[in-house]
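Data first, discussion second: the structure below is written as structure tokens.
Residue numbers (the working numbering): 70 to 196.
Structure (structure tokens):
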């Protein structure tokens, strides 16, 4: 049975971070421990798994649980202008400052990179 008040130890968190990095190319900052706890602990409960080592072992061997883990850890949605407030900040604050700096430097081109977008909706929204 999973611990009454589940919390990851520092060693468990480090083991998970290394596993996610090596297996999936997912990198979690040390400050994301609570995020991972909130995502991992419910999955561990559904697996009747109490130990991080047991959890990792199951994930390595079982493609179905592996897929559920990836769905649990990643954002599985994309659409145009998904977070309007982000685009407002870009339009009103960030882009005008960047454009002004580029113009002062004599460079007209501004390159923006949108990483990890599935169908490109976010990148097209920025364009």
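Note that beta-carbon positions come from the ideal geometry of N, C-alpha and C, so glycine has one too.
Quick check: what's the CA-CA separation for residue i versus residue j?
i           : j           : result
residue 113 : residue 184 : 29 Å
residue 182 : residue 134 : 32 Å
residue 87  : residue 139 : 15 Å
residue 72  : residue 105 : With a pLDDT of only 47 at residue 72, under the threshold of 50, the placement of this residue in the model should not be trusted, and no figure is reported.
residue 111 : residue 176 : 50 Å
residue 156 : residue 150 : 7 Å
residue 108 : residue 194 : 29 Å
residue 99  : residue 82  : 8 Å
residue 190 : residue 117 : 38 Å
residue 91  : residue 173 : 43 Å
residue 131 : residue 137 : 10 Å
residue 167 : residue 192 : 17 Å
residue 103 : residue 89  : 16 Å
Report yes if the CB atom of residue i is closer than 9 Å to the CB atom of residue j, and no otherwise.
i           : j           : result
residue 77  : residue 127 : no
residue 96  : residue 142 : no
residue 144 : residue 188 : no
residue 84  : residue 125 : yes
residue 160 : residue 171 : no
Helix, strand or coil, according to DSSP, for residue i in the structure here?
i           : result
residue 116 : coil
residue 152 : coil
residue 98  : coil
residue 188 : coil
residue 131 : coil
residue 141 : helix
residue 196 : coil
residue 181 : coil
residue 174 : coil
residue 77  : coil
residue 147 : coil
Are there any heavy atoms of the ligand HEM lying less than 8 Å away from the beta-carbon of residue i, as far as the coordinates show?
i           : result
residue 152 : For the structure depicted, the ligand HEM is absent and the ligand set is empty, with no information on it obtainable.
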